[in-house]
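In this note's numbering, the protein residues as written are 1 to 229.
This is the structure we're talking about:
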């Protein structure tokens with residue numbers, strides 16, 4: 001049996017869940033920037049002023065949706081990006097997961113990874129979880145470097161951002177042109193393997209060949225990089 005306090009808390013959480021679901025539906029139908037508290041209240045059968053009991057402003061509601069989006073994407077990535085044979089398999093999976101998240105939750109994708117509401121400043125709590133995602137991406141690169149799968153001549157945070165820019169660019173174009181096509185197909189969705197190949201060609205350590213052997217019999221590689229790392 002729940003105590004009266006626990007029952008009130010459960011009821012409050014259920015109403016908040018209903019509000020978030022209604023808000024997401026409104027954004028999906030009319031656009032993220034077109035979120036209307038009055039329309040959300042109508043859909044949950046509530047007077048508009050009563051909505052402020054749960055979210056004191058439209059920005060507070062947007063922030064709650066932003067946090068939901070970050071957490072949902074983090075779940076997608078955690079569930080899909082299990083151990084793979086190589087970093088390059090993981091990078092391909094990362095790209096597909098991001099595009100899949102955008103297709104299945106376009107309103108959250110836009111709110112979290114684009115800027116449809118310029119005046120939104122996510123709360124410290126929301127940004128902490130967002131930064132945790134970024135840190136996880138950078139850790140992935142650091143582990144690949146330590147394991148000898150990557151050899152890059154830029155800081156890992158810049159390498160991370162370059163990968164993010166590529167993944168987001170393909171996803172943004174896919175969503176703008178062929179959002180109904182599944183991941184891995186269409187004009188931009190089918191480019192994921194090619195994008196991974198570009199990074200691999202630039203960052204995979206080059207194994208020494210016979211032509212790399214100098215007159216002294218030692219391996220010769222690009223300045224500042226050990227061959228075969």
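We put the CB at the ideal spot given by N, CA and C, even for glycine.
query                                                                                                   : result
Neighbour flag for residue 135 against chain C, beta carbons, 7 Å                                       : Absent from the structure: chain C. Only one protein chain is present.
Helix, strand or coil at residue 7 according to DSSP, with G and I counted as helix                     : helix
Alpha-carbon to alpha-carbon, residue 81 and residue 11                                                 : 35 Å
Ordered list of alpha helix (DSSP H) runs contained in the stretch 17-55, each at least 4 residues      : 37-43 and 48-51
Boundaries of the alpha helix (DSSP H) in which residue 190 is found, first to last residue             : Element bounds for residue 190: n/a, residue is neither H nor E.
Where residue 106 falls: helix, strand or coil (DSSP)                                                   : helix
Residue of 21, 143, 167 and 112 minimising C-alpha distance to residue 131                              : 112
Validate contact between the stretch 128-144 and the stretch 63-80 using beta carbons, cut 8 Å, 3 pairs : yes
For residue 82, the three-state DSSP class (helix, strand or coil)                                      : coil
Residue 175, enclosing alpha helix (DSSP H) - first and last residue                                    : 156-177
Integer-rounded CB distance, given that residue 95 should sit under 8 Å from residue 197                : Actually they do not touch by this definition, with Cβ atoms about 12 Å apart.
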